[in-house]
Each structure stands twice: as C-alpha cells, then as structure tokens.
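Colleague:
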Amino acid sequence: MFKPLLAVMIGGSAGCVLRWLFSMRFNALFPNLPPGTLLVNLIGGLVIGGAMAWFVRHPDVDPIWKLLIVTGLCGGLTTFSSFTAELMGLLQTGKYMWAMASALVHVIGSLLMAFAGFALVTLLG
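Structure representation (structure tokens):
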C-alpha cells in the first residue's frame, strides 16, 4: 500500500508545482481566458491520452507507473478547481461570453488532446 501511495504523492506534487508555475507565468498575459490553466489542461489531456495508449500496448509494465503518471502527475497538473474558480471570476465580472468560451475550449480541447496523445502513441508504437 505504501508504494502506490508514494507514487501518487510524488506524481501529484510534481503536477501541482507545474500547474502553479504555468499559472504564474502565463495567466496574467490574457486574464479573460487564462492561458496557463488552459495549457496545463491541454498538456495533461495529451499526456493522459498518450499514457493510456502506452499502457495498453505494454500490459507487463508495473501499474505503479500508471499511478505515478496518470493519477498523480496528470491529476495534479490538470485542474478542475482552478478552472472553475476562473470561470466564476469571469461570471462575477459579467464576462459571460468569455466564461462560455473558456469552458468550451478547456473541455473540448482537453478531449481532443487526449485523443491526439492516444493516436500519437498508437501510431508511433
């Protein structure tokens, strides 16, 4: 039980730090559609899709790696809470169209990136 817990903790910590760094670096550039949060969600979608394809092709790999990468790293990197807080900020300031655009770009973009990651690893594998 300790090894899986440690894998999720290490991956999650790294993902959280990366998310914070992206937010600090990019969100001020365009506050109406915070690019740091969008980037981590899109990158996370790509990594999750690629990782899932890789793990399907390599079933003999220790499942601890899936916990580290998908559950930990991508779970800490991608963020529904920051995304929701930013949407609420846009809604509270009357920027309804920006809030709707942000929601659509995050959700559709993340799904497309997950598909792209899966397809890329499948094609390269």
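Residues 37 to 161 (this note's numbering) are what the sequence shown spells out, left to right.
C-beta: ideal position from N, C-alpha, C; glycine also.
Please name the residue, chosen from Val44, Ser117, Met124 and Asn77, that lies closest to Val141 on a Cα-to-Cα basis.
Modeller: The residue with the shortest Cα to Cα distance from Val141 is Asn77.
Colleague: Roughly how many angstroms separate the alpha carbons of Leu41 and Val97, rounded to a whole number?
Modeller: Roughly 18 Å separates the two Cα atoms.
Colleague: Scan the region 94-135 and note each continuous alpha helix (DSSP H) run of 4 residues or more that stays entirely inside, going in chain order.
Modeller: Complete alpha helix (DSSP H) runs here, min 4: 116-128.
Colleague: Assuming Ala64 is part of the alpha helix (DSSP H), what are its boundary residues?
Modeller: No alpha helix (DSSP H) contains Ala64, which DSSP labels as neither H nor E.
Colleague: What do you get for Val44, buried or exposed, if any count of 16 or more other CB atoms within 10 angstroms of its CB means buried?
Modeller: So Val44 ends up on the buried side.
Colleague: Pull up the distance between the alpha-carbon of Ser59 and that of Trp90, whole angstroms please.
Modeller: Using only the alpha carbons, I get a separation of about 29 Å.
Colleague: Taking the alpha carbon of Lys102 as the reference point, which residue from Gly86, Thr73 and Met149 has its own alpha carbon closest?
Modeller: If we check each option's Cα against that of Lys102, Gly86 comes out closest.
Colleague: Between the alpha carbons of Phe154 and Phe38, how many angstroms are there, rounded?
Modeller: In a straight line, the C-alpha of Phe154 is about 30 Å away from that of Phe38.
Colleague: So for Met60, helix, strand or coil by DSSP?
Modeller: Helix.
Colleague: Does any C-beta atom of chain B lie closer than 8 Å to the C-beta of Met149?
Modeller: Structure shown: chain B not included; a single protein chain is present.
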